[in-house]
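Enquirer: Quick one: the structure is below, questions incoming.
Numbering (this note's numbering), first residue to last: 9 to 223.
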């Protein structure tokens with residue numbers, strides 16, 4: 009029962025759309041009308057630069073970190089917790105962000121919350137591996153598909169976790185997290201491409217939705 013409660017709490021923690029709220033409070037804008045309409049940190053950057061992106065990133069990271077600590081606490085309180093239960097608790101905030109009920113289940117790509125969760129459960133080496141890989145790709149290959157960048161980041165994260173000789177339950181948690189992220193990447197790249205096909209190839213990072221989509 010306690011495990012089910014922690015999983016539910018972690019999902020709800022992840023579902024809080026901090027980046028969207030930061031955009032509305034600090035600048036009075038809806039960040040989902042920018043870029044690929046993703047309600048996450050990257051579109052906060054597009055909507056208002058670092059003034060919006062920095063607090064959005066901190067809050068999105070923090071909710072993942074808190075959820076990760078709850079998952080660690082659950083395992084510490086009951087070391088006999090089944091691996092799959094713990095893995096679900098780790099992936100729950102990522103799924104909560106990606107399928108938040110506060111935005112009609114149209115959540116973000118969950119990159120920042122993933123960073124927070126895995127920093128909590130696997131330590132700073134995991135954070136540096138994941139964030140470092142994403143940043144390096146942005147600097148060296150900025151036009152690479154987002155799905156490729158994120159996938160490589162997750163592969164490096166998984167490799168570091170393996171080198172750290174973490175228990176097998178971490179592999180299951182990693183797989184569930186990766187699955188959610190890939191689903192969200194596919195959704196946004198598909199939707200964004202369909203939107204581009206509908207409205208023309210001239211859309212850019214600040215392109216807003218119009219008509220029914222803008223409501």
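Beta carbons are placed, not taken as given, at the ideal position from N, Cα and C, and that holds for glycine. Quick caveat: nothing in here was measured; it's all calculated off a predicted structure.
Assuming contact is defined by CB atoms lying nearer than 7 Å, are residue 27 and residue 49 in contact in what I supplied?
Expert: Yes, these two residues count as a Cβ contact at 7 Å.
Enquirer: For residue 243, I'd like the list of residues in its chain whose CB is within less than 8 Å of its CB, leaving aside the five on either flank, ordered along the chain.
Expert: Since the first residue shown for the chain is 9 and the last is 223, residue 243 is missing from the structure and cannot be characterised.
Enquirer: By a C-beta neighbour count over all protein chains shown, 10 Å radius and 16 as the cutoff for buried, is residue 182 buried or exposed?
Expert: So residue 182 counts as buried.
Enquirer: Going along the chain, which residues of its own chain have a beta-carbon closer than 6 Å to the beta-carbon of residue 178, five neighbours each way excluded?
Expert: Same-chain partners within the cutoff: 169.
Enquirer: Tell me which residues share the same chain as residue 53 and place their Cβ nearer than 6 Å to its Cβ, disregarding the 5 neighbours each side in the sequence.
Expert: Cβ within range, chain order: 61.
Enquirer: Within this structure, are the beta carbons of residue 196 and residue 44 separated by less than 7 Å?
Expert: Yes.
Enquirer: Determine the contact status of residue 75 and residue 101, defining contact as a CB-CB distance below 7 Å.
Expert: Yes.
Enquirer: Report all residues from its chain with a CB closer than 6 Å to the CB of residue 14; omit the five preceding and five following residues, and keep chain order.
Expert: Once the five neighbours on either side are set aside, the close Cβ partners of residue 14 are 78, 82, 97.
Enquirer: When you compare only the Cα positions, how much space is there between residue 104 and residue 22?
Expert: Going by the C-alpha atoms only, they are around 5 Å apart.
Enquirer: Going by Cα to Cα distance, which pick from 64, 155, 111, 114 is closest to residue 190?
Expert: Answer by Cα proximity: 155.
Enquirer: At the level of alpha carbons, what is the spacing between residue 89 and residue 144?
Expert: Their backbone Cα atoms lie some 37 Å apart in a straight line.
Enquirer: Tell me whether residue 91 sits in a helix, a strand or coil according to DSSP, three-state version.
Expert: In the structure shown, residue 91 sits in a helix (DSSP, three-state: H, G or I).
Enquirer: Could you please give the first and the last residue of the uninterrupted alpha helix (DSSP H) stretch that includes residue 19?
Expert: Its alpha helix (DSSP H) spans residues 10-23.
Enquirer: Near residue 19, which residues of its chain fall below 8 Å by C-beta distance, leaving aside the five closest residues on each side in sequence?
Expert: If we look at residue 19 and ignore the five residues flanking it on each side, its Cβ neighbours are 100, 101, 103, 104.
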